[in-house]
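In full-length UniProt numbering, the protein residues as written are 1 to 327.
First the structure, in the form of structure tokens, and then the observations on it.
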């Protein structure tokens, strides 16, 4: 993307300038510190130019750009000439390179997890990133390279509201509805009779809250009281889909799913039918397959919203859930 190319070019050019400045002979310890600091300063500037992500869809590009910047800094640091007779500075620089190299892998993991909205992995890796980054503060002090004490990257990352992650730590604890909502929650997993080797777990509290928030803020469903539920559908330990359900007290027109889809996404949607349920499907920017549908094409007794790493997963998840409902 354009941002990645621009900031990477800036970091690379700064590194080249630094390399020219120290290419003629072994630098002194202070020159070496200045060279390291210059690379970190360019890295910090590039990272600061990135737009902080506010949703999982934004996160992939952000992590990709940051990974590219760290990789450029690692390349530049490895090419630096080290001062003679300064084993401590050389050792610290090698540790810094190792840490930056590890952060490239962590950022790549975050980008990959954002493709499937794997919130558990995103949370784990962002915590790991910030932990390693914080350790570099001591190295920056030891090297006398203050710019290597980088600012946090993920301190303001907010969880998505209208695009709940597909994967998240499951919970079987009771879920309570917010006090200002006209919708109550239903613990559905315990009522199911699993078929085809599927397993069902009620989604995490924050995911069900996100689904309720969507319904409470959509002009189509905000005024409709009812019950909400969400289940994680898995097989052999692998997540297949998250399926969210709204059971309105009164039936809703199935045409409302079109308005709900428009509220959920700005992506191009397509007519779709899953397990006989009419609806709309689309793919999010992070590559997650999504479907919103209703019971029938007339007055509908329920509305569903499903997310999966693939469209096939949507079909398996929705079909399996309905086949597992108690007769």
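Even glycine gets a Cβ: it sits at the ideal position worked out from N, Cα and C.
Close-in-space but distant-in-sequence residues of the same chain around residue 216 (CB under 6 Å, 5 per side omitted): Here residue 216 refers to the residue found at position 216 when the chain shown is read from its first residue. Correct list, in chain order: 181, 222.
Sequence-distant residues of its chain with Cβ nearer than 8 Å to residue 93 (five each side left out): One-based indexing of the chain shown puts residue 93 at position 93. Here the set comprises 32, 36, 77, 80, 82, 143.
Inter-residue Cα distance where the pair is residue 287 and residue 59: Along the chain shown, read from residue 1 onward, the residue named residue 287 stands at position 287. Along the chain shown, read from residue 1 onward, the residue named residue 59 stands at position 59. About 12 Å.
Strand pairing of residue 234, partner residues [DSSP]: The residue given as residue 234 occupies position 234 in the chain shown. Per DSSP, 199, 239.
Residue 125 beta carbon less than 7 Å from that of residue 106: Here residue 106 refers to the residue found at position 106 of the chain shown. Here residue 125 refers to the residue found at position 125 of the chain shown. Closer than 7 Å, so yes.
Touching by the beta-carbon criterion (3+ pairs, under 8 Å), the segment 94-113 and the segment 54-70: yes
Residue 224 beta carbon less than 7 Å from that of residue 194: In the chain shown, residue 194 corresponds to position 194, counting from 1. In the chain shown, residue 224 corresponds to position 224, counting from 1. Contact flag unset, no.
Candidates 56, 72, 57: closest to residue 43 by CA position: Counting from one through the chain shown, the residue named residue 43 turns up at place 43. For residue 43, the nearest C-alpha among the options comes from 72.
Inter-residue CB distance, residue 208 and residue 200 (contact presumed, cutoff 8 Å): Reading the chain shown from its first residue, position 208 is the one you call residue 208. Reading the chain shown from its first residue, position 200 is the one you call residue 200. That belief does not hold up - the Cβ atoms of residue 208 and residue 200 are roughly 14 Å apart, past 8 Å.
Helix, strand or coil at residue 250 according to DSSP, with G and I counted as helix: By 1-based counting over the chain shown, the position of residue 250 is 250. DSSP places residue 250 in coil when its eight states are reduced to three.
Cβ pair residue 241, residue 306 closer than 7 Å: Here residue 241 is taken as the residue at index 241 of the chain shown, counted from 1. Here residue 306 is taken as the residue at index 306 of the chain shown, counted from 1. In contact: residue 241 and residue 306 (Cβ atoms closer than 7 Å).
Alpha carbon of residue 186 to alpha carbon of residue 228, nearest angstrom: Position 186 of the chain shown, counted from the start, is the residue given in the question as residue 186. Position 228 of the chain shown, counted from the start, is the residue given in the question as residue 228. Looking at the two C-alpha atoms, the distance is approximately 6 Å.
Beta-carbon contacts of residue 197 that lie in its chain and below 6 Å, excluding the five residues immediately before and after: As a position in the chain shown, residue 197 is number 197, starting the count at 1. Counting only Cβ-Cβ distances below 6 Å, and skipping sequence neighbours, we find 235.
Span separating the alpha-carbon of residue 117 from that of residue 57: Mapped onto the chain shown, residue 117 falls at position 117. Mapped onto the chain shown, residue 57 falls at position 57. Spanning the two alpha carbons is a distance of roughly 8 Å.
Residue 244 versus residue 271: straight-line alpha-carbon distance, rounded: The count along the chain shown starts at 1 and reaches residue 244 at position 244. The count along the chain shown starts at 1 and reaches residue 271 at position 271. Distance between the alpha carbons of residue 244 and residue 271: 19 Å.
Minimum C-alpha distance to residue 75 - residue among 40, 260, 88: The residue labelled residue 75 in the question sits at position 75 within the chain shown. Among 40, 260, 88, the Cα nearest to that of residue 75 is on 40.
For residue 245: DSSP bridge partner residues: Looking up residue 245 in the chain shown gives position 245. Answer is 229, 304.
Residue range of the unbroken beta strand (DSSP E) whose run includes residue 316: For the purposes of this step, residue 316 is identified with residue 316 of the chain shown, where counting begins at 1. No beta strand (DSSP E) holds residue 316; the alpha helix (DSSP H) holding it covers 311-323.
Residue 269 versus residue 47: straight-line alpha-carbon distance, rounded: The residue given as residue 269 occupies position 269 in the chain shown. The residue given as residue 47 occupies position 47 in the chain shown. Those two C-alpha atoms are separated by around 34 Å.
Endpoints, beta strand (DSSP E) assigned at residue 274: Position 274 of the chain shown, counted from the first residue, corresponds to residue 274. Looking at the DSSP string, the run of the beta strand (DSSP E) that includes residue 274 is 270-274.
Whole alpha helix (DSSP H) elements within the segment 122-161, 4-residue minimum: none
Residue span of the beta strand (DSSP E) that contains residue 294, given as start and end: Along the chain shown, one-based indexing puts residue 294 at 294. Residue 294 -> beta strand (DSSP E) spans 289-294.
Cα-Cα separation between residue 97 and residue 49, rounded to whole angstroms: Mapped onto the chain shown, residue 97 falls at position 97. Mapped onto the chain shown, residue 49 falls at position 49. Their backbone Cα atoms lie some 22 Å apart in a straight line.
Cβ-based burial, residue 202 [other Cβ within 10 Å; buried from 16]: In the chain shown, residue 202 corresponds to position 202, counting from 1. Per the 10 Å Cβ criterion, buried.
Own chain, CB closer than 7 Å to residue 154, minus 5 neighbours either side, in chain order: Sequence index remark: in the chain shown, residue 154 carries index 154 (1-based). Cβ within range, chain order: 126, 129, 130.
Exposure label - residue 281; buried when at least 16 CB within 10 Å: In the chain shown, counting from the first residue as 1, residue 281 sits at position 281. Label assigned to residue 281: buried.
Coarse secondary structure for residue 331, derived from DSSP in three states: For residue 331 there is no data in the structure shown, the boundaries of the chain being 1 and 327.
Chain-order list of residues whose beta-carbon lies under 8 Å from that of residue 302 (same chain, five-residue window excluded): On the chain shown, position 302 is the one that residue 302 refers to. These residues qualify, in order along the chain: 245, 246, 247, 248, 294, 295.
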